[in-house]
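Asker: In my numbering, each residue carries its 1-based index in the sequence shown increased by 1007. Glycine included, C-beta positions come from ideal geometry on N, C-alpha and C.
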Amino acid sequence: MAELRDLYQELILDHGRHPRNRRKMPNANREALGNNPLCGDRVMIYLHLGEHDGRMEDVSSEGQGCAICTASTSMMTEILKGKTAAEAQEIFEYFHALCTGEAEPEAPELSPDDFDRLQALSGVRDFPIRVKCATLAWHAMQAALCPGGLGLSRVSTEEKI
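1) Of all the options A1039, G1130, E1058, which has the alpha carbon lying nearest to the alpha carbon of L1014?
2) Determine the direct distance from the alpha carbon of L1018 to that of D1123, and round the result to whole angstroms.
3) Of the residues P1154, A1074, A1114, which one's Cα is nearest the Cα of A1144?
4) Does the structure place the stretch 1090 to 1104 close enough to the stretch 1039 to 1046 that three or more beta carbon pairs sit under 8 Å?
5) Note down the Cα distance separating R1132 from H1055, rounded to an integer number of angstroms.
6) The beta strand (DSSP E) that contains S1068, what's its start and end?
7) Closer than 8 Å by C-beta to E1111: which residues in its own chain qualify, once you throw out the five before and the five after it? Chain order, please.
8) Within 10 angstroms of its Cβ, does C1153 collect 16 or more other Cβ (buried), or is it exposed?
9) Could you pull the start and end residues of the alpha helix (DSSP H) that R1124 belongs to?
10) Would you list, in sequence order, the uninterrupted beta strand (DSSP E) runs of no fewer than 3 residues that lie entirely inside the stretch 1028 to 1093?
11) Between C1140 and the rest of its own chain, which residues show a CB-CB distance below 8 Å, the 5 nearest in sequence each way excluded?
12) Tell me, please, which residues DSSP counts as bridged to R1161.
13) For A1151 and E1010, I'd like the C-alpha separation in whole angstroms.
14) When the Cα atoms are used, what is the spatial distance from L1117 to L1125?
15) Would you say Y1101 faces chain C, with C-beta separation under 8 Å as the test?
16) Report, in whole angstroms, the separation of the C-beta atoms of A1147 and I1052, which I expect to be a contact under 8 Å.
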């Protein structure tokens, strides 16, 4: 168990120090800004949805955040590429339940690597204030996918923007 915990910690540190897909996406057709004023996290999520099938052809982010927020955002951008909005919602619900300690829903279809990424962040449930850090980018992704998300959508962990 300690070895698995160490592996998950290393995964979080790697994504926190070397975030993937961190760039502005000029061809994004959906975007949303997430803000967590308690921690200072601000994350812009960019999505490029395919015209024909609505799959996320590209997912990227910009912004600043704590190590948990940065790692979660980085992992999310990798996990969601190629997924539909419905698949992304299912993954979000599973991840949110892991982080909050709610009754765990049935796991969505994920690769072993993607499953490990989500499990690595599940330890935040022991630190409730960090749940907002881990889920901020995911909430921003949801806002970007909402109908009318063609403009800039905004979400906050504390208040309406």
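Answerer: The structure says:
1) G1130
2) Between D1123 and L1018, the C-alpha separation is close to 9 Å.
3) A1074
4) no
5) 31 Å
6) 1063 to 1071
7) Y1101, A1104, L1105
8) exposed
9) Run containing R1124: 1119 to 1128, per the alpha helix (DSSP H) assignment.
10) Within the stretch 1028 to 1093, the complete beta strand (DSSP E) runs of at least 3 residues are 1037 to 1043, 1048 to 1056, 1063 to 1071.
11) The residues are N1043, C1046, D1048, G1072, C1073, I1075, C1076, S1079, V1131.
12) L1040
13) 37 Å
14) 10 Å
15) No chain C is present in this structure, which holds just one protein chain.
16) 4 Å
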